[in-house]
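Participant: For this note's numbering, add 61 to where a residue sits in the sequence shown, where the first one is 1.
Glycine included, each C-beta is placed from N, C-alpha and C at the ideal position.
Here the structure is a predicted model, which is why all the values come from computation and not from measurement.
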Amino acid sequence: LHAFIADEIFAALRQHVKQHDLGYAFSDSVSYTLSEHDVLIPDASFVSKSRQLSLPDRFRIAPDLAVEVVSLSNLHDCRNKPREILNKVETYLHPGTQVVWVIYPDEQVVDVHKLAEDGTLNLHKVEKNAVLDGNAVLPDFSLNVRDIFPND
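Put into structure tokens, the structure is as follows:
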């Protein structure tokens, strides 16, 4: 389920990014060195051409968009506990990620995280029957949340 959802998000991102020549979309095969102690591998990500003109051997910048799919069946894994998820979101946002989508398969919702101008964390919950949009990060991108989950 985790891989299916991550692949659906990546496919939608890749299609939109290529169609509009915005930059680079990646699956979970790319790591981002965000600090000397923080190297993260999101389930999907996007880096704009305005921030990265060509592909480096290693990213030393934060992605513009990071996507994390929460594996609730593995809650014993500390990476999927609520506080650990928020810590990871903040780890992306503080060095420059503009938006983090955290996907909860069991609830079929997406939490959209951004930093406010004052540095506080903003959270917007997008329900299964709503549309996830790219805001300023991915202009004109939209995806029905229900389309990232397998049909029941």
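Mind reading off the beta-carbon distance from ALA67 to ALA105? Whole number of angstroms is fine, and I expect it under 8 Å.
Facilitator: With 8 Å as the limit, ALA67 and ALA105 qualify as a contact, their Cβ atoms being about 6 Å apart.
Participant: For the putative contact between HIS125 and VAL192, defined by C-beta atoms under 8 Å, what is the C-beta separation to the nearest angstrom?
Facilitator: Residue identity check: residue 125 is Asp in the sequence provided, not His. Incorrect: roughly 20 Å between the Cβ atoms, too far for contact.
Participant: Which whole-angstrom value is the C-beta distance of ARG75 and ALA86, which I expect to be below 8 Å?
Facilitator: 4 Å
Participant: Taking the Cβ atom as the reference point for each residue, do VAL161 and VAL170 lie within a distance shorter than 8 Å?
Facilitator: no
Participant: Is the distance from the Cβ of ALA73 to the Cβ of LEU184 below 8 Å?
Facilitator: no
Participant: So, for CYS139: in the same chain, excluding its five sequence neighbours on each side, which residues have a beta-carbon less than 8 Å away from its beta-carbon?
Facilitator: Residue placement at CYS139 is flagged as unreliable, the pLDDT there being 49, under the threshold of 50; the coordinate-derived value follows with that caveat. Correct list, in chain order: GLU145.
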